[in-house]
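In our numbering, the protein residues as written are 650 to 1011.
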Amino acid sequence: MITYDTLGVKPFINASGTITTLGGSLMSDEVLEAMCAAGGSFVDLNDLLVKAGEYLADRIGVPAAFISCGAASGVQLSAAACLTGPDIAKARQLPHTQGWQNEFVISLVDSHTYIHQGIEVCGGKLVRVGSKQAVTSEDLIGGIGEKTAAVVHFLGKQSKEQLAEVIAGAEKKGVPVMVDAAAQLPPRSNLTELVEMGASLVTFSGGKGLCGPQNSGLVVGKEDCVEAVRINASPHSAIGRGMKVGKEEILGLIAAVDLFLSRSDDEDCQRWHGQARVVVDAVKNIANAYVMTEGQDAAPEFAPRAYIDLPDEQRDAVIHALKEGEPSIVVRRSPRGIMIDPMTMQMGEETVVAEKLLEVLT
């Protein structure tokens, strides 16, 4: 059997979070089994995608759903959908959009330029507003014009309160709002609440909080908008053909969503808080260490996290020593030191991380 060892690639304990370049998240046995089962048969992929979307829409409680090849692909397909609607002839014309409503009002607060590029690849023209530091609802609504196809909202970098204001302003002008919520699960309420607020299309990563295949994404939203996503996606002869999602990823993501919905936010938070506390308790006598949770300035994300304050020079040395150690451990830099994210740590790994961190610090 080919393994990472065969290739000389060294696995590590991920204490840094659901970061794409670190492999996203790990899949459960149930997800892996669903993928393995899917790989043993031929099926009509269009039929599978339609029925998978119907199953997920019913399971989640949204009007419609579609499985994309990752969150970035979901955002790009959402942009294509806003350009073409359910018109197959228009879908075949992309990226040629001259004379169409083809402008996307988008803020500069998110540094992921591939989202901007993906929209432009579809034939969208970007109307950039705000700055890298902030954007206001007035900036976004004020950017809407006669040629606007949609407004783009980056949930996480932009608040849910601002989203409500933008949706209200966009609706008055008959313009849809598409939301990039790739890493915004949990909380589970985001799966339904954003669509209920009036967002036309919302995209989540399948390989982050959902713990599904890394190259899967979930697009939920209004029925006509999701149908427009589907006609622009693989396996159709459309702009999304190169963003293929296989039968294995489709069943894997369904299994992941089922498992995700079978648990609760409280269960997840209690586990993560306990893991973060193990790390903090191990080093609190030699470093300023603490657990931060949602709503506190240093940790606006959902999951409780452990923070250890360190001077810059020591911080870099600690990060290097942990990564080069055995087992290898990857942690994240924070403005005042390092951050340990338990969201991607398996049960028991918090003890290993605590012991190694204590060893390096002393």
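Ideal placement from N, C-alpha and C gives every residue a C-beta, glycine not left out.
Just so you know, these numbers come straight off a predicted model, no measurement behind them.
query: Which full runs of the beta strand (DSSP E) of 3+ residues lie inside the region 851-917, going along the chain?
result: 866-870
message: As a quick exercise: from 662, 657, 652 and 653, pick the residue whose alpha carbon is nearest that of residue 998.
response: As a working note, residue 998 is residue 349 in the sequence shown. It is 662.
- request: Could you check the C-alpha separation between residue 669 and residue 721 for me, to the nearest Å?
  value: Translated into the one-based positions of the sequence shown, residue 669 becomes position 20. Translated into the one-based positions of the sequence shown, residue 721 becomes position 72. The straight-line gap from Cα to Cα measures roughly 11 Å.
field: Start-to-end residues for the beta strand (DSSP E) that takes in residue 775
entry: Along the sequence shown, one-based indexing puts residue 775 at 126. Where residue 775 is concerned, the enclosing beta strand (DSSP E) stretches over 774-778.
- prompt: Can you tell me whether DSSP reads residue 946 as helix, strand or coil?
  reply: Locating residue 946 in the sequence shown gives position 297, where the first residue counts as 1. In this predicted model, residue 946 has a pLDDT of only 41, less than 50, meaning its place in the structure is not dependable enough to derive any value.
message: Using only CA atoms, which one of 752, 718 and 976 lies nearest to residue 732?
response: What you label residue 732 is simply residue 83 of the sequence shown in a count that begins at 1. Among 752, 718 and 976, the Cα nearest to that of residue 732 belongs to 752.
- prompt: Secondary structure at residue 982, three-state DSSP: helix, strand or coil?
  reply: The count along the sequence shown starts at 1 and reaches residue 982 at position 333. Looking at residue 982 - three-state DSSP - the assignment turns out to be strand.
- request: May I ask you to list the residues that DSSP assigns as paired with residue 800?
  value: Taking the first residue of the sequence shown as 1, we reach residue 800 at position 151. Note: residue 800 sits in a beta bridge opposite 754 and 826.
message: What would DSSP say about residue 727, mapped onto helix, strand or coil?
response: Residue numbering aside, residue 727 sits at position 78 when the sequence shown is read from its first letter. Reduced to three states, the DSSP call for residue 727 is helix.
query: Between the Cα of residue 853 and the Cα atoms of 984, 658 and 864, which residue gives the shortest distance?
result: The count along the sequence shown starts at 1 and reaches residue 853 at position 204. Ranking the options by Cα distance to residue 853, first place goes to 864.
- prompt: So what does DSSP say about residue 931, is it helix, strand or coil?
  reply: Walking along the sequence shown from the start, residue 931 turns up at place 282. In the structure shown, residue 931 sits in a helix (DSSP, three-state: H, G or I).
task: Just tell me which of 660, 680 and 817 has its CA closest to the CA of residue 908.
output: Sequence index remark: in the sequence shown, residue 908 carries index 259 (1-based). When only C-alpha atoms are compared, the closest one is 680.
- prompt: Touch check for the region 735-752 and the region 900-914: three-plus C-beta pairs under 8 Å?
  reply: no
- request: Kindly give me the distance between the Cβ atoms of residue 925 and residue 958, rounded to whole angstroms, as I take these residues to be in contact under 8 Å.
  value: If you number the sequence shown from 1, residue 925 lands on position 276. If you number the sequence shown from 1, residue 958 lands on position 309. Not confirmed; about 15 Å, so no contact.
task: Measure the alpha-carbon distance for residue 704 versus residue 769 and round it to whole angstroms.
output: For the purposes of this step, residue 704 is identified with residue 55 of the sequence shown, where counting begins at 1. For the purposes of this step, residue 769 is identified with residue 120 of the sequence shown, where counting begins at 1. Each residue's alpha carbon lies about 32 Å from the other.
message: Excluding the 5 residues flanking residue 713 on each side, which residues of the same chain have their C-beta closer than 6 Å to its C-beta?
response: Sequence index remark: in the sequence shown, residue 713 carries index 64 (1-based). These residues qualify, in order along the chain: 706, 872 and 875.
message: On the criterion of 16 or more Cβ atoms from any shown chain inside 10 Å, does residue 897 qualify as buried, or is it exposed?
response: By 1-based counting over the sequence shown, the position of residue 897 is 248. With 16 or more Cβ atoms within 10 Å of its Cβ, residue 897 is classed as buried.
- prompt: If you run the structure through DSSP and keep just helix, strand and coil, what is residue 658?
  reply: For the purposes of this step, residue 658 is identified with residue 9 of the sequence shown, where counting begins at 1. Here residue 658 sits in coil by DSSP.
- prompt: How should residue 833 be labelled, buried or exposed, when 16 other C-beta atoms within 10 angstroms of its C-beta is the threshold for buried?
  reply: Counted from its first residue, the sequence shown places residue 833 at position 184. By the neighbour-count rule (16 or more Cβ atoms within 10 Å), residue 833 is buried.
query: Any idea what DSSP makes of residue 713, helix, strand or coil?
result: The count along the sequence shown starts at 1 and reaches residue 713 at position 64. If DSSP states are grouped into helix, strand and coil, residue 713 belongs with the strands.
task: State the Cα-Cα distance for the pair residue 880 and residue 911, rounded to the nearest angstrom.
output: Start at 1 with the first residue of the sequence shown, and residue 880 comes out as number 231. Start at 1 with the first residue of the sequence shown, and residue 911 comes out as number 262. One C-alpha to the other measures close to 31 Å.
- request: Report whether the distance from the Cβ of residue 704 to the nearest heavy atom of the ligand COA is below 8 Å.
  value: The ligand COA is not part of the structure shown, which contains no ligands of any sort.
Exposure of residue 934, with buried meaning 16 or more beta-carbon neighbours within 10 Å: For the purposes of this step, residue 934 is taken as the residue at position 285 of the sequence shown. Residue 934 comes out exposed.
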